[in-house]
Every structure is written in structure tokens, then in C-alpha cells.
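Working notes for the structure below.
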Amino acid sequence: MASSTTETVRVGDCSVNVMRGGKGPPLLFLHGAGGAGLWLPFMAALSERYDVIVPDHPGFGRSDTPDWLDQLSDLAYFYLDFIEALGLDRVHLVGHSLGGWIAAEIAVRNTRRLRTLTLVGAAGLHVNGVAKGDIFVWSQEERVRNLFVDQRFAEQRLAQTITEEQGDIAIKNELRTADLAWQPRFHDPQLRKWLHRIDVPTLIVWGEGDKIFPKPYGEAYHRLIKGSRLEVLPACGHLPQVEKADAFVDLFTRFATEHAS
Amino acid sequence: MKFCLFHLMPYAPLDLTFDEKYPSSWMALPNSYYDPKQGHVLYNRYLDELELGDQLGFDVLCVNEHHQTAYGLMATPGVLAGALSRRTKRARIAVLGRALPLLNNPLSVAEEYAILDNITGGRLIAGFVRGIGVEYHSTGANPAKSHERFHEAHDLILQAWTRIGPFPFEGKHYQFQYVNLWPRPYQQPHPPIWIPSQGSTETIDWASHPDRKYTYLQTFSPVSQVKRFHTQYKETAERYGYEASADKLGWALPIYVSDTDESARREAKPHIEAMYNKFLRMPLEFLLPPGYTSVASMKKLRQAKASFTSDKPPDCDEFIRRGMFICGSPETVRQTLEHHQNDIGFNVLVAMMQIGSMPGELTRRSMTLLAEKVMPKLRDPIGVESPALAVG
Numbered sequence: 009m010a011s012s013t014t015e016t017v018r019v020g021d022c023s024v025n026v027m028r029g030g031k032g033p034p035l036l037f038l039h040g041a042g043g044a045g046l047w048l049p050f051m052a053a054l055s056e057r058y059d060v061i062v063p064d065h066p067g068f069g070r071s072d073t074p075d076w077l078d079q080l081s082d083l084a085y086f087y088l089d090f091i092e093a094l095g096l097d098r099v100h101l102v103g104h105s106l107g108g109w110i111a112a113e114i115a116v117r118n119t120r121r122l123r124t125l126t127l128v129g130a131a132g133l134h135v136n137g138v139a140k141g142d143i144f145v146w147s148q149e150e151r152v153r154n155l156f157v158d159q160r161f162a163e164q165r166l167a168q169t170i171t172e173e174q175g176d177i178a179i180k181n182e183l184r185t186a187d188l189a190w191q192p193r194f195h196d197p198q199l200r201k202w203l204h205r206i207d208v209p210t211l212i213v214w215g216e217g218d219k220i221f222p223k224p225y226g227e228a229y230h231r232l233i234k235g236s237r238l239e240v241l242p243a244c245g246h247l248p249q250v251e252k253a254d255a256f257v258d259l260f261t262r263f264a265t266e267h268a269s
Numbered sequence: 029m030k031f032c033l034f035h036l037m038p039y040a041p042l043d044l045t046f047d048e049k050y051p052s053s054w055m056a057l058p059n060s061y062y063d064p065k066q067g068h069v070l071y072n073r074y075l076d077e078l079e080l081g082d083q084l085g086f087d088v089l090c091v092n093e094h095h096q097t098a099y100g101l102m103a104t105p106g107v108l109a110g111a112l113s114r115r116t117k118r119a120r121i122a123v124l125g126r127a128l129p130l131l132n133n134p135l136s137v138a139e140e141y142a143i144l145d146n147i148t149g150g151r152l153i154a155g156f157v158r159g160i161g162v163e164y165h166s167t168g169a170n171p172a173k174s175h176e177r178f179h180e181a182h183d184l185i186l187q188a189w190t191r192i193g194p195f196p197f198e199g200k201h202y203q204f205q206y207v208n209l210w211p212r213p214y215q216q217p218h219p220p221i222w223i224p225s226q227g228s229t230e231t232i233d234w235a236s237h238p239d240r241k242y243t244y245l246q247t248f249s250p251v252s253q254v255k256r257f258h259t260q261y262k263e264t265a266e267r268y269g270y271e272a273s274a275d276k277l278g279w280a281l282p283i284y285v286s287d288t289d290e291s292a293r294r295e296a297k298p299h300i301e302a303m304y305n306k307f308l309r310m311p312l313e314f315l316l317p318p319g320y321t322s323v324a325s326m327k328k329l330r331q332a333k334a335s336f337t338s339d340k341p342p343d344c345d346e347f348i349r350r351g352m353f354i355c356g357s358p359e360t361v362r363q364t365l366e367h368h369q370n371d372i373g374f375n376v377l378v379a380m381m382q383i384g385s386m387p388g389e390l391t392r393r394s395m396t397l398l399a400e401k402v403m404p405k406l407r408d409p410i411g412v413e414s415p416a417l418a419v420g
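Those sequence lines, one after another, are chains P and X.
Its first residue numbered 9, the first sequence is counted upward by one per residue in the numbering used here.
Its first residue numbered 29, the second sequence is counted upward by one per residue in the numbering used here.
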């Protein structure tokens, strides 16, 4: 499996920590509220065909927290700058959860440098009458357990010892998530009005057992983005790219290959 | 010492078995537990208790602000302060809310306080707080923007009170084209400001700043913490170049007085334990939403958590031992207060005399004993405000 390197990329006044590995068309992966963390098996698998670029968002992980970071749309504009600064083109943009929300906000603004868009268990919308999971009142353990259908993944995560730096980063990530997504909770009421602007092929991947953004959230994205494809993975929670890594990589690769040119 | 009578107005008849089903009396407890008929009686009883405080010679009557909880029913403290403002004539009235970051328009606080100050002819003490963590869940206010909103709302209110309008206010969170407060506050330039806190370096730095010198109240903490944070206030003031007066330091805690130490402990026990262990209890995720404290403080609190949650709930004797509760005969209470006042050096005592489930009869007797047998002997303040040293 292809390995990755870690580098610091400066865009404007903000330095971000970036994991990068593989060769091929650029694939920009935007992480969820928990942060990018480690170079995960799905990233390694994708890096066999793609140039996989995984930044820590400004305000998260090892990246700077710039003064201008007030709301989620600031990150959408940042990544438009980031894509330009790195000279990326025909980008496969993949966003998970909070990162899926950022990806949607990027795509309603400008798809000029995008080839495809993939939203995985994405935040950004609210579906009236369908409660989201409130990660902010769950205990640390509940939060991990509620991410997965297959509790073996949760057990494994709960058994891991974390370094002091990882602990500090977890607190930083939680703080930033609250800062950007507390109210309105994990969505922008205006976003749905503009999703019709997305004019690149769009894949929506959802875990059937997602307890944070239940399946109707995926269906709502599917309805609002014309021509999008919705793939619901059975026996899967909020992290399809982890819990069903092979199926996820396969789905994405077939979709991206279809839309390679 | 200044004696302030503090009330939380808890839902005293709460079914205390609620915690078998619900994690907290805050936010998660269904309001079907609240009976409006009992509520009618309670609000009037509690206002009577505060009015009795005026007659008994308390210097200040304190109301409070909490939301969506049986712990305290004063979601809109201005209403209660308004009721007191006409029925009391002597004591000052302190509103130990308002939770500025939870409110959408701080100018409504500027107005509310200014009206109270006008009605009472300058008896108002204005409190400003951030609200406790769980109230960011209850109100939807963003905990990560709490400090910014608090400071900006405070600046806006102070300007509204002290500048001639109309003038524009150009903030990050609040923008107004026309600020022009009617009425202006009765006390000039503005009412005294008190800052209740559980203790944080940031709050102490801010409250003790020479531009403000606000009275700092350490609330419901072990006495060792009270000493630590009061000392920190004095040391911070010294670094700012002035000596903090004992009048700027306050301690808020439950107090119960009865004829003997033994009867005091016996009578208070179920109520103090209900207050700390039932009404006030909540999961860490309720208490500390992300961003409510800095990353560094959150880290410390998480580390402290393990030992905290494994403790079995403290009992009445333990609360007394930790100095989170003063309880006993008038002589014991007098000695305890005198000892701590001399040891720590504060002049403001904020006494919560109705405690949790405590009924009216015990509350009134305890208040009367404190007022008649303890207060007269501890009236004299310690220390006096020194002129500012050279500020450099």
C-alpha cells in the first residue's frame, strides 16, 4: 500500500498540516469533526490510484487557527484558495460529515476546478422532524459507540491509548466543531437553496445505521443535488470509509472512473 | 461585612427520585415534573422570604438567573427584581444574572437594569454572568463564542449607560445604528457591577482590571478555592498597580442557622444534600460544552474528572468540612464567618438561606437567627480602599 508524507502548506496567512500520498488525479479529502487523525486504510487504498490530499482544516488538528475563522463558510472559501494555491485541477472532492458540509459549501460557490463531488454522511442540511444525534451531550464512550453499527470498531477505538498531543487535538477539534456547528446545529439553513448550482457528478454515500445524520439526510442531499447518485450501505454507521472501507473505496473508484474524463 | 440574602428559587417539591430516570434536573428533566399550582405558592413564598430579608436588615437581596431547570426558577430575574423593587424600601437589590452571551440583545438588559435602578432610586446592583455550561445546551447559544459575546455585550451595556445617545455601536456580534437609552440609570455613572464566578483566571483578570474593579463573588466552592481565587484577585490587582479592597471580594454559599449545632445539622441535612447532590448534579457533557472553557482548562477538568465521578456523593458533614456550607448554632456560624473573613479578607457575604427542598418555616427561622444573632456582631468591614498606587 502506498505511504504518505506530512507537510505544512501555507495558504495566505494560514498554515495547515497536510497528509499526502499516491499518484494520479488529485483527491482532496475533507475530514469530519473528529479530525483527520492518521493515514487510514481507505486513504492508503485510494492512494494507489489518486493523489490523496488530506489537510487538517484551519482550526483543527495541527493546523493554525486563523483570526478570520468565524463560520463554516470561511472554510469553504479557504479551500477554494487552497486548491488554487496548490495548483490542483480536476479535483475529486470528498467530504465526510463536517467536511462533507464544507465540500457542499465549496461546490455551490465554484466547481471550476472540481471533477466530482462525494458527500459521505455529510452535515449541512436539516430535515424537519428527523432528529440528529446530539454528539455534544453524549459521553466520550457513547460518542465512539454511536459512530458504528459493528461495535468491534468501537471496542477497538475505545481500547486505544492516546498520546497527550492526540488528547489536546481532540479537545481543540471539539471546541472548533462547536464554534462552527453549534447553532444552527450542523447546518446552514441557506445551503439547501443553492445546492441546485452543483454541476459536477455527485456521489452521496450514507451508512444505513448513521445515528448522527440519519438516512433521510442523505436522501435530502440526493433530492436537492440534481443528477446525484445515492448509495446507502447496509449495516454501517456514520463512518462508511472506516466501517465499510472496501465497499466505500470500490464505490468511489467506480464512480470516479466513470467520470474520469 | 455586608450581608446579602441570596435566593435560587428552586422547585422545592421536586420528586427527588427523578434521577433514577433522568441524568439531571437541568435540560433533560421533563417539565411535567413542574406543577403550576405549587409554583404559584412557591414564587409568592420565595418573594416573601426576600421581603423578610429587607425587614431583618440584610444589606442586599439577590435574585438569580437559570434556565430550564428545577434548580432555580428565575429564568427572567428582572420580573422578580421588579416585584421586590416596590415592596422593599431599604435593601439594595442585586440581579446575579444576567447571562449576557445567552441573550440576543444586550440592550434589553441595559434597559431592564436602568428601569430597576430608576424605580428603586439607585438600589440596584448589576450582575453580569456567562451562564453555566448546560444553559448553552438549553438556549442554543454557542459556548465557543461565549467569552467574546460576554465582553462585547458588557461593553455595549456600559456604553449605553454612560454615553449620550444616539450613537452607533460597531461590534463583531452586535451592531446598532442607534443606541440611545431611555431611561438612563439613576446611579451615575452606572450601578455597581458584581461578577459571580466559579473561578477562572480570565474572569479575575477582567473583573479586577483598573478600568472595572468589579466586585468578584466566588460561588458555591470549597473554602480553599474561595481563598485561592480571592488571593488571585488581590495579586492581580497588585500587578495592575493598586490594592484591592475587601469590599470587592465576595463569597456566595448556603448557610443554615438553628439553636444548636446538632439541630442545625439534623434540620439542614436532607436539604443541603438535595441541593448539591440532586438539584445541581449533571453529567460533564452538560456542565462543560466544548468551548465554554479554553483548551487548557478543559484538559485540566477532564483529568480531574476520574476522581470526581468515582466519589460517592458527599453528605452534609462533608459539605461543612469542605467549607461549601456553613451550618450550626448562631455562635458557631459567627465564629466560622469571622475566622474565614480574617483569614481570606472579604467584606461581601452572599448567604443562600433557602436550600434545595427546605421548607419556608426553617428558612425564615434560620434567616431570623442569622440576622438577629450573627449579623450585628460582624457588621464592621475589614480593610479600607487604598488610593491607587501609581499605575505604570
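Think of the CB as a built atom: it goes at the ideal place given N, C-alpha and C, for glycine as much as any other residue.
A distance below 7 Å between beta-carbons, with the five flanking residues on each side excluded, links histidine 182 of chain X to the following residues of its chain, in chain order: Leu128 and Phe156.
What glutamate 182 of chain P touches in chain X, judged by beta-carbon distance under 7 Å, is Pro318, going in chain order.
Taking C-beta atoms as the reference points, asparagine 146 of chain X and alanine 186 of chain P fail to come closer than 8 Å. When Cβ-Cβ separations below 8 Å define contact, glycine 351 of chain X makes no contact with chain P.
Close partners of glutamine 249 of chain P in chain X (Cβ separation under 7 Å) are lacking, with about 24 Å as the shortest Cβ gap. In chain order, Leu183, Arg184, Thr185, Ala186, Asp187, Leu188 and Trp190 make up the part of chain P whose C-beta sits under 9 Å from the C-beta of alanine 172 of chain X. Note: serine 23 of chain P is bridge-paired with P/Arg18 in the DSSP secondary-structure output.
In the three-state scheme derived from DSSP, where H, G and I count as helix and E and B as strand, glutamine 203 of chain X is classed as strand.
With 16 or more other Cβ atoms inside 10 Å of its own Cβ, glycine 245 of chain P counts as buried. Only exposed fits glutamine 66 of chain X, as fewer than 16 other CB atoms lie within 10 angstroms of its CB. Annotation for asparagine 305 of chain X: Pro341 place their beta carbon closer than 7 Å to its own, counting only its chain and skipping 5 residues before and after.
When C-beta distances to chain X are compared with 8 Å, the residues of the segment 130-164 of chain P below that value are Phe144, Val145, Trp146 and Ser147, in chain order. Of all residues in the segment 164-178 of chain P, the ones placed with a Cβ closer than 8 Å to any Cβ belonging to chain X are Gly175 and Asp176, in chain order. For chain P, the residues of the segment 160-193 of chain X that bring a beta carbon within less than 8 Å of one of its beta carbons are Tyr164, His165, Gly168, Ala169, Asn170, Pro171, Ala172 and Lys173, in chain order. Valine 208 of chain P and asparagine 118 of chain P have their alpha carbons spaced roughly 10 Å apart. Counting only unbroken stretches of 4 or more residues, the alpha helix (DSSP H) elements lying wholly within the segment 130-206 of chain X are 134-147, 162-167 and 174-190, in sequence order.
According to the DSSP assignment, methionine 386 of chain X belongs to no alpha helix (DSSP H), since it is labelled neither H nor E. By the criterion of at least three beta-carbon pairs nearer than 8 Å, the segment 295-310 of chain X is not in contact with the segment 360-378 of chain X. Burial of isoleucine 91 of chain P is indicated by the presence of at least 16 other C-beta atoms within 10 angstroms of its C-beta.
Counting only runs of 4+ residues, the alpha helix (DSSP H) found wholly inside the segment 162-238 of chain P occupies 172-189 and 223-232, in chain order. Between asparagine 375 of chain X and proline 409 of chain X the beta-carbon gap is near 5 Å, inside 8 Å, which marks them as a contact. In the structure shown, serine 322 of chain X adopts coil according to DSSP, grouped into three states. Valine 62 of chain P: member of the beta strand (DSSP E) spanning 59-63, first to last residue. Among the residues of chain P, those whose CB is under 8 Å from the CB of phenylalanine 314 of chain X are Val145, following chain order. For lysine 297 of chain X, the uninterrupted alpha helix (DSSP H) segment begins and ends at 289-302. Annotation: Cβ neighbours of proline 311 of chain X in chain P (cutoff 9 Å, chain order): Val145 and Ser147.
By the Cβ test, the segment 224-243 of chain P is not in contact with the segment 169-179 of chain P, since fewer than three Cβ pairs between them sit closer than 8 Å. Within the segment 345-411 of chain X, the complete alpha helix (DSSP H) segments at least 4 residues long are 358-372 and 388-397, listed from N- to C-terminus. For serine 225 of chain X, the uninterrupted beta strand (DSSP E) segment begins and ends at 221-225. From the beta-carbon of lysine 327 of chain X, the residues of chain P found nearer than 8 Å are Gly175, Asp176 and Ile179. Note on geometry: alpha-carbon atoms of phenylalanine 353 of chain X and leucine 46 of chain P lie some 49 Å from one another. Rounded to whole angstroms, the gap between the alpha carbons of serine 249 of chain X and aspartate 196 of chain P is 40 Å. Its Cα nearest to that of serine 322 of chain X, the residue X/Ser174 stands out among X/Val123, X/Ser174 and X/Ser52. Contact between the segment 248-266 of chain X and the segment 187-206 of chain X is absent, with fewer than three C-beta pairs closer than 8 Å. Check the Cα spacing between glycine 30 of chain P and each of P/Thr14, P/Asp21, P/Ser23 and P/His39: the tightest is with P/Thr14.
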